[in-house]
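Asks:
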Amino acid sequence: AFAAYAAKFNAGRKAESLATAIEFAPQEARFVRLVILRTHAAEPCIDELEVFGPGSAANLALANRGAIPSASSVLAGYAIHQVPHLNDGLYGNGHSWIAATTGTEWVQIELPEPTRISRVILSRDRDGQFLDRQILEAEVRLSLDGATWKTAGKLSRTPAQLPTPRPDLTFPVDELSAPTWEAVLQYAFLRERDTWSRMDAQDYLSPLVNDRPAIPGGPPYWGRLARMSPLERALFQFGEMIERQADTGLDVRRERAELATLQRRAEDPVAAASDDLYLAARLAKRRLFFRDPRLAPVEHVLFAKRHPYHSSHNYSEHLDSLFASGGGICVLHVPRDAEGRLDPERAEVETLFDGSTGIARDPVADFDARTIYFAHRPDQPEVKGWQPYWHLMTVMADGTGLRQLTEGPFHDFDPVPLPDGGLGFMSTRCASRFLCWEPQAYVLHRMETDGSGLRRLSFANISEWDPCVMNDGRILWTRSEYLDKGADFGHTLWAIHPEGDHPELVFGNDTPYGYGHAREVPGSRELVCNIISHGDHQGPVALIDPALGRFDTAAITSITPDTRPQYQMDRSHVETFMDTEPVSRDHFLVSHSPGRQAHWGLYVIDRYGNRELLYLDPEISSKSPSPLRPQPRPPVLPTSRDPALAARDLGRFTVQDVYEGLGSAMPRGRARYLQVSQEMPAPLEQLADGEYRSSHAGFQDFYATPIHVV
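Numbered according to the numbering used here, the sequence shown spans residues 179 to 888.
(1) Quick check on residue 194: does DSSP put it in helix, strand or coil?
(2) With a threshold of 8 angstroms between beta carbons, is residue 484 in contact with chain B?
(3) Thinking C-alpha only, which one of 300, 310, 322 and 543 is nearest residue 316?
(4) Use the C-beta contact count for residue 318: other C-beta atoms within 10 angstroms, 16 or more gives buried, fewer gives exposed.
(5) What's the C-alpha gap between residue 739 and residue 393?
(6) Rank 635, 787, 640 and 709 by C-alpha distance to the C-alpha of residue 679 and give the top, closest one.
(7) Under the three-state reduction of DSSP, which class applies to residue 708: helix, strand or coil?
(8) How many angstroms separate the CA atom of residue 778 from the CA atom of residue 559?
(9) From the DSSP output, which residues share a beta bridge with residue 374?
(10) Where does the unbroken beta strand (DSSP E) through residue 645 begin, and where does it stop?
(11) In the DSSP assignment, the beta strand (DSSP E) including residue 495 goes from what residue to what residue?
(12) Spatial neighbours of residue 248 within its chain, please: CB distance less than 6 angstroms, with the 5 preceding and 5 following residues excluded, ordered by chain position.
(13) For residue 633, which residues does DSSP report across the bridge?
(14) So, with DSSP's three-state summary, where would you put residue 419?
(15) Let me know the secondary structure DSSP gives residue 606 once reduced to three states.
(16) What's the C-alpha gap between residue 871 and residue 615?
(17) Could you tell me the alpha carbon to alpha carbon distance between residue 837 and residue 853, rounded to whole angstroms?
(18) Tell me which residues share the same chain as residue 456 and place their Cβ nearer than 6 angstroms to its Cβ, disregarding the 5 neighbours each side in the sequence.
(19) When you compare the CB positions of residue 697 and residue 597, do they come within less than 8 angstroms of one another, or not?
(20) So the candidates are 766, 731, 495 and 381; which of them puts its Cα closest to the Cα of residue 642?
(21) Just confirm the distance between the C-beta atoms of residue 756 and residue 711, as a whole number of angstroms; I'd bet it's less than 8 angstroms.
(22) For residue 263 and residue 283, what's the separation of their Cα atoms in angstroms?
(23) Is it the case that the Cβ atoms of residue 572 and residue 556 are separated by a distance below 8 angstroms?
(24) By Cβ distance, which residues of its chain are closer than 8 angstroms to residue 369, with the 5 residues on each side in sequence left out?
(25) Can you tell me whether DSSP reads residue 826 as helix, strand or coil?
(26) Our contact map puts residue 229 next to residue 238 with C-beta atoms below 8 angstroms; I'd like the distance itself, whole angstroms only.
(27) Can you tell me whether residue 801 is buried or exposed? The criterion is at least 16 other CB atoms within 10 Å of its CB, across all chains shown.
(28) Along the chain, which unbroken stretches of the beta strand (DSSP E) at least 3 residues long are found entirely within the stretch 719-791?
(29) Compute the Euclidean distance between the alpha carbons of residue 585 and residue 824, then round it to the nearest angstrom.
(30) Please classify residue 323 as buried or exposed, where buried requires at least 16 other C-beta atoms within 10 Å of its C-beta.
(31) Hey, could you find the ends of the beta strand (DSSP E) residue 697 is sitting in?
(32) Take residue 292 and list the residues in its own chain whose beta-carbon comes closer than 7 angstroms to its own, dropping the five residues that flank it on each side.
(33) Figure out for me which residue from 231, 382 and 590 has the closest Cα to the Cα of residue 294.
(34) Is residue 403 helix, strand or coil by DSSP?
(35) From residue 431 to residue 714, what does the alpha carbon distance come to, in whole angstroms?
(36) Would a C-beta distance cut-off of 8 angstroms place residue 701 and residue 652 closer than the cut-off?
See below:
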């Protein structure tokens, strides 16, 4: 199947133009002025301003034609950002102009003589290195004398419509030895060997710095594994896996003999240094891995095909992603071979929803595995003049019964079926903006599965992600806040009752990491998640043992230690993981980008450092995998929600101990006053067409007092 894919596959993607044209009816002018009304992210930047006449490819604005540039201001202190760069004929950030302010600014070209003008082209950085400082709203004004001006054309766009360089989002087929499944496996094995050989030796979560057990309370494991050679590690893991599978009742006599043969070959230094022996050991370990009876849930995997977002922040995928169309909602059916082993090479993909004219994301099955919920963003908006929005959809597991559940000028995504039959999800219906930058915020909501009863559950003022239902019926999700913390500390794990009461911290708060896509590990007290940054949602897969303390970094074990955590605004689109979903106590489905190109496949990993490729489509990434199987419905929790208070937009909260957390600064019995502070939202501006502004000017200040409101 992979060979058929590769035979028709064109590995390259043509980059889209990074220039923007403003066209208008031909008019006579000597002065051409671009008035900049609004910019995306900081002061506006232009690397070249070009002027053209009707039907002509000659740039009239070039300095070597005698045109003279000018501007309302220039950012001081930067030789690479000067007015003469506006028309020097050179592209890129190193030959550009930047204004001194984020307010209304203008740039101008004075032509040698009056000329008929019909088009102006501008760009921020045609080399594609920088995406900030792009112009959202502007006007082209023309004049014959430099005193009397007439508006000839306008530019108005959202951040989602900005030109962006499209990286190659496909699988690097040209790096394979042949267009075959066997070559893909070799590629995966060699990429794993390479990343383990470059493991970070300074990061706190690295086993080279702090060792961790494989099982809570067990002996140290990861430090030893990290210090082994690639062949030594493969043989050690193979031997450990043989014993674990023998404990399940599996007949592993053949694997024991195979391991003994590999170990004898490894005694020869020349053989031990060869790729052939390492690849043979990896392949033997892979064959045993897929014999594990605990991997039965992987026979049917629900997942989404889509390209990566590559947004500027982890909370801005609805604002400034690449928005590359394609893919859909799929089910992977993995057969077994004659020996009962899962056989990914013969897996077949069933498409439940064709998302090729948009982007589909976040598929999740109801507890009976018969109904699928997901989010879809079409290329074309539902209302002319609007931007496209993510909306919740549902389809039956057999591909029938497709319905759209939400509508309107809001982004709705991250669905989660609730024990009482409702549906939780994230939404921008809170109508507030993220408190440190431009985009709309989205927080936890719920509704009935027919779209009725929609209401807000979380009253956070910045964005949230990845809800799931815990075994006890609570919703577990990543909640964000900036109260007494910065970006690294701000994305933590919380739980709440599905009616919106009893929110409580589960883990994080003052640890130097963010936590995404957290799930309970079956048969364990642990949680599994991805360690994320403020920049994106991918990172190492980590097991968390909350029993060691909700604020204790010693509770965190990275089970993909060759992926270093990212901090603050750092991110990595390659050699990393996301969308971790438990299969058993020891096994997890993940989406993994193993190479140097941002392309993701489906893998199964375990808590002992093993990882195996399950499925890969060379044309588009595969994300959000989960076993498609019926699961027990968690209990419906009683609610303490007071309908009378809720009708008045009020609630009740309890402080059990006002001294808790104050330490020695406040001895018990000394408190006389209790101050209650409210974090105020920054409401969205509603536009004349019914939409809400999708991006906003940057805050001038991040602090407020009773007489100074941000």
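Even for Gly, the Cβ is constructed at its ideal location relative to N, Cα and C.
Replies: To lay it out plainly:
(1) In the sequence shown, residue 194 corresponds to position 16, counting from 1. Note that residue 194 scores a pLDDT of 46, beneath 50, so its modelled location is shaky; the value from the coordinates is reported in the next line. Coil, per DSSP.
(2) Of the protein chains in the structure, only one exists, and it is not chain B.
(3) If you number the sequence shown from 1, residue 316 lands on position 138. Nearest of 300, 310, 322 and 543 to residue 316, Cα basis: 300.
(4) Here the question's residue 318 lines up with position 140 in the sequence shown. Buried: at least 16 other Cβ atoms inside 10 Å.
(5) Locating residue 739 in the sequence shown gives position 561, counting from the first residue. Locating residue 393 in the sequence shown gives position 215, counting from the first residue. The straight-line gap from Cα to Cα measures roughly 16 angstroms.
(6) Against the sequence shown, residue 679 aligns to sequence position 501. The candidate whose alpha carbon is nearest that of residue 679 is 635.
(7) In the sequence shown, residue 708 corresponds to position 530, counting from 1. Three-state DSSP puts residue 708 in a strand.
(8) Within the sequence shown, residue 778 is the residue found at index 600, counting from 1. Within the sequence shown, residue 559 is the residue found at index 381, counting from 1. Each residue's alpha carbon lies about 28 angstroms from the other.
(9) Counting from 1 along the sequence shown, the entry for residue 374 is found at position 196. Beta-bridge pairing links residue 374 to no other residue.
(10) Counted from its first residue, the sequence shown places residue 645 at position 467. Element bounds for residue 645: 643-647.
(11) Residue mapping note: residue 495 aligns to position 317 of the sequence shown, counting from 1. Careful: residue 495 lies outside any beta strand (DSSP E), inside the alpha helix (DSSP H) at 495-498.
(12) Against the sequence shown, residue 248 aligns to sequence position 70. These residues qualify, in order along the chain: 286.
(13) Residue mapping note: residue 633 aligns to position 455 of the sequence shown, counting from 1. In the DSSP output, where bridge partners are listed per residue, residue 633 has 624.
(14) Your numbering for residue 419 matches position 241 in the sequence shown. Residue state, collapsed to three classes: helix.
(15) The residue given as residue 606 occupies position 428 in the sequence shown. Here residue 606 sits in helix by DSSP.
(16) In the sequence shown, counting from the first residue as 1, residue 871 sits at position 693. In the sequence shown, counting from the first residue as 1, residue 615 sits at position 437. Approximately 13 angstroms, taken between the alpha carbons.
(17) On the sequence shown, position 659 is the one that residue 837 refers to. On the sequence shown, position 675 is the one that residue 853 refers to. Cα to Cα, residue 837 sits roughly 13 angstroms from residue 853.
(18) Reading the sequence shown from its first residue, position 278 is the one you call residue 456. Cβ neighbours of residue 456 beyond the five flanking positions: 408 and 409.
(19) Counting from one through the sequence shown, the residue named residue 697 turns up at place 519. Counting from one through the sequence shown, the residue named residue 597 turns up at place 419. It is not a contact, given that the beta carbons lie outside the stated cut-off.
(20) Against the sequence shown, residue 642 aligns to sequence position 464. The shortest C-alpha separation from residue 642 is found at 495.
(21) Indexing the sequence shown from 1 puts residue 756 at position 578. Indexing the sequence shown from 1 puts residue 711 at position 533. About 12 angstroms; that fails the 8 angstroms criterion.
(22) In the sequence shown, the residue the question calls residue 263 occupies position 85. In the sequence shown, the residue the question calls residue 283 occupies position 105. Approximately 16 angstroms between the Cα atoms of the pair.
(23) Here residue 572 refers to the residue found at position 394 of the sequence shown. Here residue 556 refers to the residue found at position 378 of the sequence shown. No.
(24) Within the sequence shown, residue 369 is the residue found at index 191, counting from 1. Within the same chain, residue 369 has close Cβ partners 753, 772 and 773.
(25) Counting from 1 along the sequence shown, the entry for residue 826 is found at position 648. The answer is coil: DSSP assigns residue 826 none of H, G, I, E or B.
(26) Residue numbering aside, residue 229 sits at position 51 when the sequence shown is read from its first letter. Residue numbering aside, residue 238 sits at position 60 when the sequence shown is read from its first letter. Right, their Cβ atoms sit about 5 angstroms apart.
(27) Position 623 of the sequence shown, counted from the start, is the residue given in the question as residue 801. Residue 801 is buried by the Cβ-count criterion.
(28) 719-722, 734-736, 754-760, 765-771 and 779-784
(29) Taking the sequence shown and counting its residues from 1, one reaches residue 585 at position 407. Taking the sequence shown and counting its residues from 1, one reaches residue 824 at position 646. Using only the alpha carbons, I get a separation of about 25 angstroms.
(30) As a working mapping, residue 323 is identified with position 145 in the sequence shown. Label assigned to residue 323: exposed.
(31) The residue you call residue 697 lines up with position 519 of the sequence shown. Unbroken beta strand (DSSP E) run through residue 697: 692-698.
(32) Indexing the sequence shown from 1 puts residue 292 at position 114. Answer for residue 292: 206, 207, 208 and 322, listed in chain order.
(33) For the purposes of this step, residue 294 is taken as residue 116 along the sequence shown, with counting starting at 1. The option with the nearest alpha carbon to residue 294 is 231.
(34) Residue mapping note: residue 403 aligns to position 225 of the sequence shown, counting from 1. Residue state, collapsed to three classes: helix.
(35) Residue numbering aside, residue 431 sits at position 253 when the sequence shown is read from its first letter. Residue numbering aside, residue 714 sits at position 536 when the sequence shown is read from its first letter. Distance between the alpha carbons of residue 431 and residue 714: 45 angstroms.
(36) Residue mapping note: residue 701 aligns to position 523 of the sequence shown, counting from 1. Residue mapping note: residue 652 aligns to position 474 of the sequence shown, counting from 1. Cβ distance not < 8 angstroms, so residue 701 and residue 652 don't count as in contact.
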